[in-house]
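In my numbering, the protein residues as written are 462 to 625. The structure under discussion appears below in the form of structure tokens.
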């Protein structure tokens, strides 16, 4: 096990982007594609409120089999929902593809407040654009790696001159 529990990197500067998530697109494409076009591979962002045509998330209770710290449950579809607030991190998956890791609080079409780990490829932006405030990580990158302590893939920062 790694004796250092928390890994931290900082960047003395970063680009700030006001991203407009496009109606009808899924959340993953709305984030990953335009940021890649800007040469941004790693970033943190705040997702502002907005309506989604479809919204899916999961929760992660302790793994009942004890094989890992957590085990994601099945997708929870909420249909037409309003994201009250969300945060997302853009990084790189274990396969080298862009990865969007997102948590959010939503209000469902039935008026329930829910929240959890968002499934970006299963969330469709509604009829109006939704905005995100993005800050790029210019001197480090976030990569998904297997974490021996939790026995689960996790995002870790690595020093890296990150952008084109």
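All C-beta atoms in this analysis are idealised placements derived from N, C-alpha and C, irrespective of residue type, glycine included.
So, with DSSP's three-state summary, where would you put residue i?
i           : result
residue 501 : coil
residue 462 : Below a pLDDT of 50, predicted positions are generally treated as unreliable, and residue 462, at 44, falls in that range; the measurement from the model is reported next regardless. In the structure shown, residue 462 sits in coil (DSSP, three-state: anything other than H, G, I, E or B).
residue 602 : strand
residue 580 : coil
residue 557 : coil
residue 563 : strand
residue 593 : strand
residue 588 : coil
residue 550 : strand
residue 470 : coil
So, residue i versus residue j, is the Cβ gap smaller than 7 Å?
i           : j           : result
residue 512 : residue 587 : yes
residue 599 : residue 475 : yes
residue 548 : residue 564 : yes
residue 541 : residue 573 : no
residue 481 : residue 592 : yes
residue 618 : residue 603 : yes
residue 517 : residue 585 : no
Leaving out five residues before and five after residue i in sequence, what residues of the same chain have Cβ atoms less than 7 Å from its Cβ?
i           : result
residue 545 : 510, 566, 567, 568
residue 495 : 480
residue 499 : 478
For residue i, which residues in the same chain have their Cβ closer than 8 Å to its Cβ, ignoring the five residues on either side in sequence?
i           : result
residue 533 : 519, 520, 521, 578
residue 613 : 529, 530, 531, 607
residue 576 : 518, 564, 565, 566, 567
residue 470 : 598, 600, 601, 618, 619, 620
residue 553 : 502, 503, 559, 560, 602, 603, 604, 605
Apart from the five residues on each side of it in sequence, which residues of its chain come closer than 6 Å, Cβ to Cβ, to residue i?
i           : result
residue 597 : 475, 476, 501, 504
residue 543 : 512, 568
Item to check | beta strand (DSSP E) runs wholly inside the stretch 473-544, at least 3 long, in chain order | outcome: 477-482, 504-508, 511-515, 517-519
Item to check | Given 8 Å, three or more beta-carbon pairs between the stretch 524-532 and the stretch 495-508 | outcome: Because the criterion of three Cβ pairs below 8 Å is not met, the stretch 524-532 and the stretch 495-508 do not touch.
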